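Notes follow once the structure below has been shown.
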Amino acid sequence: MRLPPLNAVRAFEAVCRHGSILKAAEELSVVRGAVRQQISTLENHFGFKLFTRGGRRLVPTLQASAFAEAASAAFDILQRAASELEGVAPGRIRLGVPSAFAVWWLMPRVANMQASLGDIAVDIVPMTVVEPLQMHPELDAVIMGGEYRPAAGITALRFMEDEFGPVTTPALAKALSPDPAAMAALTVLISRSVPKLWDEWFAESGTPRVAFSRRQEFEDLLLALGAARSGLGIALAPRASIEDDLERGHLVAPYGFISRPSGYSLCCRTPDAKRPAFAALSGWLLRSGASV
């Protein structure tokens, strides 16, 4: 089969990531017309349209989206192979981590991590909105929670289970009865970064949905949990993110936690998975996750 032009594939992959010809052109340091021409070249090569218009965004078709994932993985492989050929060995890992998980689970262990990894440096990049690695070419790996299915060219290592449940201050918890319906009297604290977390808890715990009298939204889970700690209301939290608060008695879980077997995974590009730096990080995460 005749392969499509590489420059056209590069432009196409950038447009798919950004949903914008303008942003793709800025990344590639070309004018918008050049990107449009490359997309047209690729569509002529395949013989059909690759995008539909969704508001101001260009949305790839189902077939085109699968091709974009494969192209992104292929470019990552090429980039790393070129680095190897040039003798450039990555001694630093840029790791994307959910903000709350970074503050309450990873950072208290960061000294132990660095001692274990030796000369391997890990740059921790907090992520307010956690997105798959293929959407972040500037990162080497990300930690993903919940039901995550890795895309083509991505390897996911599950290193820790997790539990989640409603948490609030001991003072507010005293007013609650054993029936979760009593939570209706409290302000529910919502994180926009995980807006369906409460829906998931009701469904997975088998708890009838509660009609909260008040709700307040925050940009990310970190802020929502801070508001819960201050006594503003009740938030839904992964246990790994608040274990220190539970031990100190700042927060309590009046209805306990339910297990989420999907847990947390370290996701990296498949060619990187067997490299010494990533193997060392994976090993440390497995050991630390098992001790929780």
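If you're matching positions, the sequence shown starts at 44 in our numbering and goes up one per residue.
Where is the CB? At the ideal position from N, CA and C, for every residue including glycine.
Since this is a predicted model, take the numbers as computed values, not measurements.
{"Query": "Kindly indicate which three-state DSSP category Arg135 falls into: helix, strand or coil?", "Result": "strand"}
{"Query": "So which of Arg96, Ala57, Met187 has the shortest CA-CA distance to Arg303?", "Result": "Met187"}
{"Query": "At what residues does the alpha helix (DSSP H) containing Thr84 begin and finish?", "Result": "75–89"}
{"Query": "DSSP three-state call for Glu204: helix, strand or coil?", "Result": "strand"}
{"Query": "Would DSSP call Gly161 helix, strand or coil?", "Result": "coil"}
{"Query": "Residue ranges of each beta strand (DSSP E) run of no fewer than 3 residues wholly in the segment 175–262, ordered along the chain?", "Result": "184–188, 197–210, 230–234, 257–261"}
{"Query": "Strictly by DSSP, which residues pair up with Ile277?", "Result": "Val231"}
{"Query": "Need the endpoints of the alpha helix (DSSP H) that Gly58 sits in, please.", "Result": "The sequence as given places Val at residue 58; Gly does not occur at that position. Taken as a continuous stretch (DSSP letters only), the alpha helix (DSSP H) holding Val58 covers 49–61."}
{"Query": "Since Ser284 contacts Phe144 with CB under 8 Å, what's their CB separation in whole angstroms?", "Result": "6 Å"}
{"Query": "State the start and end residues of the unbroken beta strand (DSSP E) segment that holds Arg96.", "Result": "94–97"}
{"Query": "Return helix, strand or coil for Arg100, following the three-state DSSP convention.", "Result": "strand"}
{"Query": "Just to confirm my understanding: we take His88, look at its own chain, exclude 5 residues before and 5 after, and list those with CB closer than 6 Å. What are they?", "Result": "Pro47"}
{"Query": "Any idea if Gln259 is buried or exposed, counting beta-carbon neighbours within 10 angstroms, 16 or more meaning buried?", "Result": "exposed"}
{"Query": "For Ala51, which residues from the same chain have a beta carbon less than 8 Å from its beta carbon, with the 5 sequence-adjacent residues on both sides left out?", "Result": "Gln81, Ile82, Thr84, Leu85, His88"}
{"Query": "State buried or exposed for Thr198, treating a residue as buried only when at least 16 other CB atoms are found within 10 Å of its CB.", "Result": "buried"}
{"Query": "Cα-Cα, which of Ala124, Ile163, Arg100 is closest to Phe321?", "Result": "Ile163"}
{"Query": "Which of the three DSSP states is assigned to Arg318 in this structure?", "Result": "coil"}
{"Query": "Using 8 Å for Cβ pairs, my map puts Ala227 next to Phe245. What's the rounded Cβ distance?", "Result": "The pair is not a contact, with the Cβ atoms about 13 Å apart (cut-off 8 Å)."}
{"Query": "Going by CA-CA distance only, name the one from Gly208, Arg45, Ser236, Asp263 that's closest to Trp249.", "Result": "Before going further, note that residue 249 is Gly rather than Trp in the sequence given. Of Gly208, Arg45, Ser236, Asp263, the residue nearest in Cα terms is Gly208."}
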